Amino acid sequence: MMSPASVLALLAVALPLLYPAMALNAGWVRAMRFALPLLPLPALVLAVGADPGWQLELPWLLNGGLWAMDELRRLFLLLTAVLWTVAGIYAAGYLKAHHLRRFCVFWGLTLAGNLGLTVAVDIGSFYSLFALMTFAGYGLVVHEGTDEATHAGRVYLIMAVLGEMAILAGLLLASVAADSQMLADLPRAIAGSPRRDLIIALLIAGFGVKAGLPLLHFWLPLAHPVAPTPASAVLSGAMIKAGLLGWLVTLPFGEAALPGWGALMIVAGAVGAIGAAVLGVRQQQPKTVLAYSSISQMGLIVLMVGAAMADSERAPVLFSIIALYALHHGLAKGSLFLSAGITLPSGAMRRAAVWLLIALPGLSLAGLPFTSGALAKLAMKESLLEERLEFAVAGYLSPLMVAGAVATLLLVLRYLWTLNGKIETGRNPPMLVTGWLASVGVSLVAFWWMPWEVEGLVKSPEWLPAGYQLWALAWPMLIAVALAAVALLASRLVRQRSLQ
Amino acid sequence: MTLNAWIPVFALMTSLIASLVIFALPEKGYRLRTWVNLGAALVKLSLVVVMVWGVFQGVEYGLSFTMVPGVTFVLKADALSMMFAGLSAVLWLLTTIYAVGYLEDSPNRSRFFGFFSLCVASTMGIALAGNLFTFFLFYEMLTLSTYPLVVHRGTEKALRAGRTYVIYTLTGGAVLLLAIAWLHGVAGDLPFREGGHFMDADPDIHRSLILIFILLVAGLGVKAAIFPLHGWLPQAMVAPAPVSALLHAVAVVKAGAFGIVRVVYDIYGVEASSALGVLEPLAWLAAFTILYGSFRALSQTDLKRRLAFSTVSQVSYIILGISLFGPVAAAGGLVHLLHQGIMKITLFFCAGNYAETLGIHRIDEMDGAGRRMPGTSVAFTIGAFGMIGAPPLAGFITKWTMGSGALAANMDWVIVVLLSSSLLNAAYFLPVMHRLWFREPAGSWPEERHWGRLETSAWLFWPPLLTAVMTVMVGVLASLPFSPLSWAELIALREYSP
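For the record, the sequence lines run as chains A and B. Mapping to the working numbering: the first sequence position 67 is 67, numbers consecutive. Mapping to the working numbering: the second sequence position 63 is 63, numbers consecutive.
Have a look at this one:
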C-alpha cells in the first residue's frame with residue numbers, strides 16, 4: 001500500500017508531464033493556460049502537509065529509483081512549488097496567443113523536472129529530472145522568438161550541455177567510487193576517493209552553471225531576462241536553486257574538511273556577490289538588473305557553501321541556514337521579477353501602494369527588519385562568525401557579508417530606478433495581478449509559517465530583531481543609500497554640464 | 001527430434017516462406033501481400049517471445065547436421081541470439097507496417113517485399129547461427145538480399161550506391177571467409193560457446209590467432225561500418241526510408257557488430273582475447289570511429305546523411321563496450337545493440353515522414369516542421385535526445401552502464417570519449433530540434449501531401465511514435481526483468497562466468 005505522500009510525489013511529477021499529451025488537441029489550449037497554476041498543487045500539498053521521512057521505492061525505475069524527503073529537500077520542494085504556483089497564476093494572465101500551446105508544454109516539462117529533482121534521492125532520477133528541467137527550460141528562454149532570445153538561448157544551451165556533461169562525469173565517477181546508485185552514498189565515497197578533487201571540481205562546475213557561479217554565469221543575465229516574465233521568475237527564483245541543491249546533496253560536506261575547496265568557493269562567492277553588483281548597476285533593463293542581483297545573492301549563498309566545505313563540523317548547521325536563505329531569496333526574487341511586468345494604476349495613493357509592494361520584497365533582500373531577509377541575513381551572519389569556524393579565511397567572511405549587503409541594496413535601488421523609467425500606466429489582467437500579489441504575500445507574510453530552521457542562531461521571536469541587530473542590518477543599507485545618492489547626484493551634475 | 005529443436009527453424013522459415021509467397025503473388029495483390037507480411041511478422045515475433053522465455057529458463061533450442069565432414073550447420077538459441085532475434089522480430093513488424101505505407105502506389109512492390117522478407121530471414125539466421133560457418137551463410141545471404149533494396153529506386157545514384165555497397169560487402173565477405181577457413185584449419189569446427197575456445201590455447205598458434213582475429217574483425221567491420229571501412233554506409237542512404245531504417249537499425253550494421261561480439265565472446269572468449277592483446281586496439285579503433293562518425297555528421301546538410309554518420313558513430317559503442325574488459329562494460333555495449341536499433345529506426349522513420357509528407361530532405365528545410373507534424377517531431381526529438389544520451393532515455397542507460405564499466409576496468413579514457421561523443425551528438429542534433437520547434441516555417445513546404453485527420457498516413461505515423469515510446473520505456477524501465485539492460489546483464493554474466 002502506498003502512503004499518501006508517495007502518491008502525491010508521483011502525482012507532482014506526472015501531472016505536468018500530461019501537458020505534452022494535452023497539446024495534441026488544439027482545442028485544449030485554453031484549459032492548459034488556466035490550469036497552469038494547478039500543476040504544482042500536489043507538490044505544494046506534499047511540502048506543506050507531509051512530514052519529512054516518507055519514502056517511495058521505484059525499483060523498476062532506471063537503475064533503481066528512490067524518492068524521499070528530508071528537512072532540507074522539503075524546503076526546496078516548498079520553494080519550488082510555491083514559486084511555480086504564483087508564477088502559474090501570473091502566467092495565465094500574462095501570456096499572449098503567440099505559440100501558447102508550445103509555451104505551456106515547455107512550462108509543464110520544466111516544472112516536472114524542477115519539482116521532481118527536489119525529492120529524487122537516487123542518482124538516475126535526480127539526474128534525469130535535472131536534465132529535463134534544463135533542456136525544457138530552453139523552450140521558456142527562447143519563447144519570444146526575438147534575435148535576442150535566440151542568442152540567449154544558444155548561450156544557455158551550450159552552457160547547459162557543458163554543465164550536464166560535467167555533472168554526468170562527476171556522478172559517474174562518484175557512483176563507481178561508492179558502488180551505489182544513491183545520492184546519499186556519494187559524499188562519503190567522494191571524500192575517500194583517490195579522484196576526490198576531480199569529482200569535486202566536476203560537480204562544482206556542473207551544478208555551478210545552473211547556480212550562476214562566477215565565470216560560469218554569463219548565460220544567466222542573457223537568458224533570465226529574455227524569457228517571458230513568469231518564466232524569468234521561476235528561472236531566477238527556483239531553477240537557480242536546483243544547482244545549489246545539486247551541490248548540497250553530492251559534495252562531501254561533513255565527511256572531510258576541505259579548506260582548499262572551501263577557500264576557493266569563498267573567493268568565488270565573493271567575486272559573484274560583489275562583481276555581479278558592479279556589473280548589475282550599469283544595466284539599463286530592469287530584468288537584467290534582477291538577473292545580476294540573483295548572481296550576487298547566489299554569491300552570498302556560495303560563501304556559506306564554501307564555509308561548510310571548509311569546516312565539516314559546522315556543515316549541518318550551515319545547511320539549515322543555506323536552505324533558509326535560498327527560500328527567502330527565491331520568494332523575494334520571484335516577486336521582484338513578477339513586478340517587472342505589471343502596469344501602474346492611476347491615482348497617487350494607489351500608485352504609492354503598488355510601488356511599496358514592488359519595493360518591499362527588494363528591501364527584504366537587503367535585510368529590512370521584520371522581513372524574511374532580516375532573519376536570513378542575521379542567521380547567516382551568526383553562522384559565519386569567525387569564532388565559530390575553524391579554517392584560515394574565515395576572518396574575511398564578515399566584511400564580505402557587509403559588502404554583499406551593500407551590493408544587494410544597490411542592485412535593488414538600481415532595479416527600482418530602471419523600472420521607474422519603463423513602467424507604464426494602465427490596466428493589468430486580473431490573473432496577472434493576483435499572481436503578483438500572491439508572490440508578495442508569500443514573500444512577506446506566508447514565509448513566517450514555513451518550516452525553516454535557524455538552529456538557535458537567532459533568538460526568538462525571530463521576526464523581531466534586537467537593537468544591536470537592527471544596527472547590524474541598518475548600517476550596510478545606509479552605506480548603499482549614500483552611495484546611490486552620490487551616484488544620482490553625480491549623474492545629475494554630469495547631465496547639467498553636458499547640457500550647458 | 002523434439003519440438004524445441006525445430007522452433008528456431010520455424011522462426012527462420014516464417015520470413016523465408018513469406019518471402020517466397022510474396023515473390024509468387026501478383027504485383028496487384030496488395031491486400032493479400034500486406035496480410036502475409038504482417039502475419040509472418042507476428043508469427044515470428046511470437047516464436048521469438050517463446051524462445052526468449054525458454055532461454056531465460058535454461059531451455060536449449062537448436063539443431064545441427066553435418067553438411068560435409070568437418071563442416072556443420074548449427075542453429076541454436078542462446079541469450080545473445082535472442083537479443084538480436086528479438087530486435088529483428090520487433091522492428092521487422094514495425095518496419096513492415098511503415099514500408100506498406102511508404103511504398104503505397106509505387107512500382108515493384110512485390111519485388112521489394114520479397115527481398116525485404118528475405119533480408120529479415122537472413123538476420124534471423126545470423127542471430128540463430130551456432131557456428132561461424134552457419135553465420136557466414138546467412139551473412140552473405142543478407143548482402144545479396146539487401147542489394148536489390150538499396151537500388152530499389154533504380155536511379156543512377158541508387159545504382160552507384162548499390163555498386164559501392166556490393167564491392168565493400170563482398171570484399172568484406174571474402175576476407176571473412178578466408179579468416180573462417182584459416183581458423184578452421186588451425187582449430188577445427190568451433191561452435192559458439194560462452195567463454196570461447198582459446199582460454200588455454202597453445203602458445204604456438206597465438207600469432208595465427210591474432211592474425212585471424214584481425215581478418216575476422218576486418219571482414220565483419222565492413223558491415224559494422226568501423227573506420228575506415230564505413231564508406232558504403234553514407235552512400236546507401238539513397239535507399240527508401242524503410243530500407244535505411246532496416247540497414248541502420250537492424251540488419252546490416254548490426255549483423256557486423258553482432259558478428260564481432262560472437263567472435264570475441266563465443267569463439268575466442270573474452271579472457272583469451274584480452275590475453276592475446278587484441279581487445280585494447282579494438283577498443284581504440286571503436287573509440288576513434290565513435291568520434292570520427294560524430295565529427296563527420298556535424299558537417300552534413302542532408303538529414304539522412306547526418307543520420308548515417310551518426311550510425312557509424314553509434315554502432316561502435318557496441319564494439320567499444322565488448323572490448324572493454326569487464327561484465328558491466330560488456331552489458332553497456334550489448335544493450336546498445338538494442339538501444340541503438342530502437343533510437344535509430346525512430347530517426348529514420350521520421351526522416352522518411354518528413355520526406356514523404358512535406359518533401360523535406362535537407363536540414364535547413366525543417367524550420368517549423370514541428371507545428372505541421374507534431375507527432376513525428378516528438379518522436380524525432382525523443383530519438384535525438386536518446387542519441388545524445390540524455391536521461392532517462394535509452395542512450396543514457398548505455399552510456400551510464402558503459403561508463404561505469406570502463407571506470408571499473410580502469411579505462412578512464414573511455415569516459416572522455418563518451419562525453420565528447422555526447423557533446424558532438426548534442427551539437428548536431430540540438431540545432432535540428434531548434435529548427436523543428438522554434439523557427440517559423442518558410443511559407444510553403446517543398447512538396448506537401450495531405451492525408452486527412454492525421455499529419456501523415458497512419459501507416460507512417462504510428463511506427464515512429466511506437467519506437468519513440470520504446471526509447472523512453474527501455475530507459476525508464478531499465479531495471480525491470482526482460483528489459484534490454486537486464487537481458488544484456490544476463491548475457492554478460494553468462495559470458496564472464498560460463
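Here a beta-carbon is modelled for each residue, glycine too, at the ideal position from N, C-alpha and C. Predicted model, so just to flag it, every value in this text is computed and none were measured.
- Residue environment: residue 167 (chain B) is assigned as exposed (fewer than 16 neighbouring CB atoms within 10 Å of its CB, all protein chains considered).
- In the three-state reduction of the DSSP assignment, residue 334 (chain B) falls in the helix class, which pools H, G and I.
- Taking the beta carbon of residue 102 (chain A) as reference, the chain B residues within 9 Å of it are 370, 371, 437 and 438, listed in sequence order.
- If you ignore the 5 residues before and after residue 386 (chain B), its C-beta comes within less than 7 Å of the C-beta of 343, 393, 394, 395 and 471, all in its own chain and listed in chain order.
- At the C-beta level, residue 144 (chain B) and residue 209 (chain B) stay beyond 9 Å of one another.
- Taking a beta-carbon distance threshold of 9 Å, residue 464 (chain B) does not count as an interface residue toward chain A.
- Think of a sphere of 8 Å around the beta carbon of residue 24 (chain A): the chain B residues whose beta carbon falls inside it are 374 and 375, in chain order.
- Three or more pairs of CB atoms, one per stretch, sit closer than 8 Å, so the segment 110-125 of chain A contacts the segment 66-80 of chain A.
- Inclusion of residue 183 (chain B) and residue 216 (chain B) in the CB contact set at 9 Å is warranted, their separation being smaller than that value.
- The Cβ of residue 32 (chain B) sits no closer than 9 Å to any Cβ of chain A.
- Neighbours of residue 64 (chain A) across chain B, judged by C-beta separation under 7 Å: 479.
- When Cβ-Cβ separations below 9 Å define contact, residue 452 (chain A) makes no contact with chain B.
- Excluding residues up to 5 positions away in sequence, 162, 165 and 166 lie with their Cβ nearer than 7 Å to the Cβ of residue 147 (chain B) in the same chain.
- Pairing residue 439 (chain A) with residue 365 (chain A) gives a Cβ-Cβ distance that is not under 9 Å.
- Leaving aside the five residues that flank residue 455 (chain A) on each side, the residues in its chain whose CB is nearer than 6 Å to its CB run, in chain order, 317 and 320.
- Looking at the backbone, the Cα of residue 10 (chain A) and that of residue 240 (chain B) are separated by about 43 Å.
- Under the three-state reduction of DSSP output, residue 193 (chain B) falls in the coil class, being neither helix nor strand.
- Cβ-Cβ distances below 6 Å link residue 440 (chain B) to 368 in the same chain, with the five nearest sequence neighbours on each side left out; the list follows chain order.
- With respect to the 9 Å criterion, residue 384 (chain A) and residue 328 (chain A) are not classified as neighbours on the basis of their beta carbons.
- Proximity of the segment 221-241 of chain B to the segment 257-273 of chain B meets the contact definition, three or more beta-carbon pairs being nearer than 8 Å.
- Judged by DSSP in its simplified three-state form, residue 367 (chain A) adopts coil rather than helix or strand.
- DSSP, reduced to helix, strand and coil, places residue 60 (chain B) outside both helices and strands of the structure shown, so it counts as coil.
- Using a Cβ-Cβ cut-off of 9 Å, residue 253 (chain B) does not count as an interface residue toward chain A, since no Cβ of chain A sits closer than that to its own.
- If one requires a minimum length of 4 residues, the alpha helix (DSSP H) runs lying completely within the segment 221-299 of chain B are 232-235, 241-249, 252-262, 270-276 and 279-298, in chain order.
- Residue 111 (chain A) and residue 330 (chain A) have their C-alpha atoms some 15 Å from each other.
- Look at residue 67 (chain B) here: in three-state DSSP terms it is strand.
- The segment 457-464 of chain B and the segment 98-111 of chain A do not touch, with fewer than 3 CB-CB distances between them shorter than 8 Å.
- The contact set of residue 228 (chain A) on chain B, defined by CB atoms closer than 9 Å, is empty, because the minimum CB distance reaches about 14 Å.
- Think of a sphere of 8 Å around the beta carbon of residue 327 (chain B): no beta carbon from chain A falls inside it, the nearest being about 14 Å out.
- Interface annotation for the segment 52-82 of chain A against chain B: 59, 60, 61, 62, 63 and 64, criterion Cβ-Cβ distance under 7 Å.
- When rounded, the separation of the alpha-carbon atoms in residue 226 (chain A) and residue 233 (chain A) is 11 Å.
- Secondary structure at residue 131 (chain B): strand, using DSSP grouped into helix, strand and coil.
- Straight-line measurement puts the Cα of residue 21 (chain A) at about 11 Å from the Cα of residue 29 (chain A).
- Chain A has a Cβ within less than 9 Å of the Cβ of residue 396 (chain B).
- Shortest Cα-Cα distance from residue 133 (chain A) to any of A:231, A:177, A:301 and A:354 involves A:231.
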